[in-house]
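Those protein sequence lines, which keep their order, are chains H and D. Here this note's numbering is used: the first residue of the first sequence is 9, the next is one more, and so on. Here this note's numbering is used: the first residue of the second sequence is 9, the next is one more, and so on.
There are 2 protein chains.
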Amino acid sequence: MHADDVFKALADPTRRRLLDLLCEQNGQTLGQLCEHLDMARQSATQHLGILEAANLVSTVRRGREKLHFINPVPLHEVYERWVRKFEKQRLSLLHDLKRELEGE
Amino acid sequence: MHADDVFKALADPTRRRLLDLLCEQNGQTLGQLCEHLDMARQSATQHLGILEAANLVSTVRRGREKLHFINPVPLHEVYERWVRKFEKQRLSLLHDLKRELEGE
DNA sequence: TTGACATGCAGGTATTTACCTGCATATCTC
DNA sequence: GAGATATGCAGGTAAATACCTGCATGTCAA
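Have a look at this one:
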């Protein structure tokens, strides 16, 4: 996994919105997605390119249209690597802080 | 939750490294953390400030030292909002793509 | 109290980023 | 084929970002 690509892709609100839009209806075209965004089509294309580079979105051409599909795998890998790790220690981490605040 | 702050904080490799360092040993000082980073102390301070603004790290002063602690709560919220949502539809999303590739 | 140590604060710069406009290409429909 | 439609590509700009250096402040320990 390329964590950097995935996190950088998720760091922009427009791109998270695109993922949400695709979650509501998968396989939308560039034009359809643009209808929900308040920016030029070319800007949306760039955002989708970043999502595709991070492997969060896959595309298929159908004639003159380009269909966009979510790929949930990188999100799951992010979870495995970055969320579960800290979650396991959740209680103990908070305990560390509490103990420090109380002056040990 | 301020998703933007959390994702932007996670979008930098240095900041993810800092979280890993704190996971190995919670409550480290700025100086301790800097030993593992190849950059000026002031740069690390900025990164820690961003992590703190995102509520991923909490700090406690002890004399002239500043101790840093991980707060895993925002990561869990990110998981709830951005990973589980897509995970639930994981199989169906892949099915959508497969069907499209096969020409429906 | 004085020197060493840990951190804070104020700029300065090069790169990246998120937009845009303008034009080109490819595909459908009539 | 011609016009409409969907997308691609090539710059151009303003703002954000990730570094840095230099100096100030606060704390410990002898």
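Every residue, glycine too, gets a C-beta built ideally from N, C-alpha and C.
is_contact[residue i, chain D] using C-beta, thresh 8 Å
| i | result |
| --- | --- |
| H/Cys42 | no |
| H/Val91 | yes |
| H/Leu59 | no |
| H/Lys74 | no |
| H/Arg25 | no |
| H/Leu56 | no |
Euclidean distance between Cα positions of residue i and residue j
| i | j | result |
| --- | --- | --- |
| D/His44 | D/Phe77 | 16 Å |
| D/Leu41 | D/Gly71 | 17 Å |
| H/Val91 | H/Arg25 | 21 Å |
| H/Glu60 | H/Lys74 | 13 Å |
| D/Gln50 | D/Pro82 | 25 Å |
| D/Thr67 | D/His10 | 19 Å |
| D/Glu88 | H/His84 | 12 Å |
| D/Trp32 | H/Met47 | Reading off the sequence, residue 32 of chain D comes out as Glu, not Trp. Computed Cα separation, rounded: 43 Å. |
| D/Gln54 | H/Leu56 | 30 Å |
| H/Ile58 | D/Arg23 | 21 Å |
| H/Arg69 | H/Asn34 | 14 Å |
Closer than 8 Å to chain H by CB, residue i
| i | result |
| --- | --- |
| D/Glu95 | yes |
| D/Val65 | no |
| D/Leu38 | no |
| D/Leu18 | yes |
Reduced DSSP secondary structure (H/G/I, E/B, other) of residue i
| i | result |
| --- | --- |
| D/Glu112 | Caution is warranted here: a pLDDT of 46 is assigned to D/Glu112, below 50, making its placement in the model unreliable, and no coordinate value can be reported. |
| D/His10 | coil |
| D/Arg49 | helix |
| H/Glu73 | strand |
| H/Gln36 | strand |
Cβ separation of residue i and residue j, assumed to be a contact under 8 Å, to the nearest whole Å
| i | j | result |
| --- | --- | --- |
| H/Leu38 | H/Ala52 | 7 Å |
| D/Phe15 | H/Leu18 | 5 Å |
| D/Asp12 | H/Pro80 | Actually they do not touch by this definition, with Cβ atoms about 21 Å apart. |
| H/Leu29 | H/Gln36 | 7 Å |
Partner residues on chain H for residue i, Cβ-Cβ distance less than 7 Å
| i | result |
| --- | --- |
| D/Asp12 | Pro21 |
Where residue i meets chain D, residues with beta-carbon distance less than 8 Å
| i | result |
| --- | --- |
| H/Leu83 | Trp90, Val91, Phe94, Glu95 |
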